[in-house]
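Engineer: Numbering (this note's numbering), first residue to last: 13 to 242.
No residue lacks a Cβ here, since even glycine has one placed at the ideal position from N, Cα and C.
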Amino acid sequence: MSAASATSAPVIEAVFFDLGKVLVHFDWTRSLAEISRRSPHTPAQALHIINSDGVHREYEHGRITCEAFFQTQAERLQYQGTPDELRRLWCDIFTPLHGHIALAQQLARTHIVGIISNTNAAHIEFLEPIYPLFQIFEPRRRIYSHHVNAMKPDREIYDIAIATAGTRPERTLFIDDLEPNVAGARAIGWHAIHLRPDTDLAAELERFGLGPFERAESGAAHEAAEGAAK
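(1) Run the CB neighbour count on E191, radius 10 Å, all protein chains shown included, and call it buried at 16 or more, exposed below.
(2) With a Cβ-Cβ cutoff of 8 Å, do L213 and I24 count as a contact?
(3) Since H158 contacts T131 with CB under 8 Å, what's their CB separation in whole angstroms?
(4) Cα separation between E87 and I61?
(5) Please list the terminal residues of the continuous alpha helix (DSSP H) segment that includes S51.
(6) Looking at the secondary structure, which residues open and close the beta strand (DSSP E) in which H203 lies?
(7) Quick test of your reading: L89 and A58, contact by CB under 8 Å. State the CB separation rounded to the nearest angstrom.
(8) Report yes or no: do three or more beta-carbon pairs, one from the segment 119 to 130 and one from the segment 94 to 105, lie closer than 8 Å?
(9) Taking the continuous alpha helix (DSSP H) assigned at V27, which residues delimit it?
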């Protein structure tokens, strides 16, 4: 991890968060079980079908509509329900990570904050109206792959994000749970934190000269364990 030392912390002006596994936990177990009950496939087979032919990636790139995506997936899964029902199951996977959200809220008092997420229209249309966390971030700094037609770890999506912040790479920090996305940010001069299940995010942020932070009572490790159990 390229965290700064205590004696040479960089000047950070903007902090961008990934969404999934950083601000919200997601777990496909329940939805895949329900899909399996209404198709001839096991949950594992259903997941493989969803991810196997590039349609999911095209959807997250914003290249196909919600209607086309769910109709295609219903047909491929041989799902014995409507595409709208499949869309509901597709979205019923999230729980908020309150400790990390609290850190973002504290950072927003003194720094530019944003989101960079490989995501899709159905998830964002589901999440934004019901989760207050999105109010922390200005709409123009919520960088969603399907909106900008670019995905991590490609450089384009990071360049779009930093343009909204009006800062420089060496003054920008990115937090993501996936190593390739962290590496993509570092490759163009950003600082980055690879968020693992046991990472104390507040401590990592403080190593970059941010904070100090009020810790959520539950703690990041407890929250990650709680999410993993769902």
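Structural biologist: In short, the structure shows the following:
(1) Looking at its Cβ environment, which holds fewer than 16 other Cβ atoms inside 10 Å, E191 is exposed.
(2) Going by C-beta atoms, L213 is not nearer than 8 Å to I24.
(3) Separation of the CB atoms of H158 and T131 is rounded to 7 Å, and the pair is thereby assigned contact status at 8 Å.
(4) Distance between E87 and I61, taken at the CA atoms: about 11 Å.
(5) For S51, there is no enclosing alpha helix (DSSP H), since its DSSP letter is neither H nor E.
(6) Residues 203 to 206.
(7) That pair is a contact at about 6 Å.
(8) The segment 119 to 130, when compared against the segment 94 to 105, does not touch it at the 8 Å Cβ threshold.
(9) For V27, no alpha helix (DSSP H) encloses it; the enclosing beta strand (DSSP E) starts and ends at 26 to 29.
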